[in-house]
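I have placed the structure first, in the form of structure tokens, so that the comments after it can refer back to it.
So, in structure tokens, the structure goes:
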């Protein structure tokens with residue numbers, strides 16, 4: 001069970017590493033607006049940590065698990081752990097996704113506010129998806145996504161390119177969603193789980209239940225740490 005520190009849930013902690021749940025709407029790092037609070041500073045202050053570094057990043061609207069390093073001598077090891085880890089996301093997208101299990105692959109390149117597809121000079125982006133639910137009456141689908149590469153906006157871009165942008169995504173979403181599609185106040189993307197090998201060689205599987213704004217889309221869906229075994233590509 002996660003521990004709570006002033007509403008921040010800690011799902012994993014050792015002398016060197018920490019995994020905490022980021023709420024939506026707060027940046028992971030400091031921004032150009034020096035007065036704006038960020039999650040890393042909040043966590044460092046509330047836990048009275050002398051040092052903390054973010055190892056993986058989440059977008060502003062994305063909620064869920066963030067991996068931190070608490071020991072500056074372990075930064076290299078932390079990067080290796082996270083790079084080799086399995087990362088699972090939950091998302092709600094617009095429209096009906098017919099495939100039950102599929103993989104999206106393309107080359108993308110960073111732009112100013114968004115990424116774009118390229119045919120040369122970009123980075124390969126691979127995401128594996130599993131469809132959990134289609135709600136035909138209201139026009140949305142609930143998916144699991146597993147990252148096989150760690151590109152910026154990768155999941156959001158792949159679903160947008162497929163014609164099923166994540167609900168609430170103002171960057172990659174469609175300009176006028178059908179009125180029957182439920183309204184989302186933020187991009188409905190959640191870092192659900194991370195599986196990695198600890199320093200002691202133990203395989204850790206950390207699962208973070210989706211927040212309350214996902215609940216109206218989750219009827220009939222039960223999720224736990226078994227989500228890792230649903231994916232075929234290793």
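In UniProt numbering, the protein residues as written are 1 to 234.
Backbone N, C-alpha and C fix where the C-beta goes; we use that ideal spot for every residue, glycine too.
Which residues mark the beginning and the end of the beta strand (DSSP E) in which residue 152 is found?
-> Residue 152 -> no beta strand (DSSP E), and no H or E assigned at all.
Count the other C-beta atoms from every protein chain shown that fall within 10 angstroms of the C-beta of residue 226, then say buried if there are 16 or more, exposed otherwise.
-> exposed
Starting from residue 30 and walking both ways along the beta strand (DSSP E), at which residues does that stretch end?
-> Residue 30 -> no beta strand (DSSP E), and no H or E assigned at all.
Test item: CB-CB of residue 19 and residue 89 under 7 Å | no
Rounded to whole angstroms, what's the CA-CA distance from residue 217 to residue 103? Just pull it up for me.
-> 23 Å
Considering residue 82, what are the terminal residues of the alpha helix (DSSP H) in which it resides?
-> 75–83
Cβ neighbour criterion (16 or more within 10 Å) applied to residue 84 | exposed
The region 115–129 in contact with the region 203–212 per 3-pair CB rule at 8 Å | no
Answer with buried or exposed for residue 17, where buried requires no fewer than 16 other C-beta atoms within 10 angstroms of its C-beta.
-> buried
Determine the closest residue to residue 99 out of 162, 28, 69, 106, with distance taken between C-alpha atoms.
-> 162
Pick helix, strand or coil for residue 222, following the three-state DSSP scheme.
-> coil
Rounded separation between residue 146 and residue 231 - CA only | 8 Å
When 138, 73, 157 are compared against residue 110, the one with the closest alpha-carbon = 157
Quick one: is residue 184 buried, meaning 16 or more other Cβ sit within 10 Å of its Cβ, or exposed?
-> buried
Since I believe residue 187 is in contact with residue 201 (beta carbons under 8 Å), could you give me their beta-carbon distance rounded to a whole number of angstroms?
-> In fact, because the Cβ distance is near 36 Å, the residues do not count as touching under 8 Å.
Work out the CA separation of residue 45 and residue 222 for me, nearest whole Å.
-> 35 Å
Kindly identify the DSSP beta-bridge partner or partners of residue 204.
-> 196
Span of the alpha helix (DSSP H) holding residue 40?
-> 39–47
May I have the straight-line CA-CA distance separating residue 33 from residue 27, to the nearest angstrom?
-> 11 Å
Taking residue 101 as part of the beta strand (DSSP E), name the residues at either end of that continuous run.
-> 101–110
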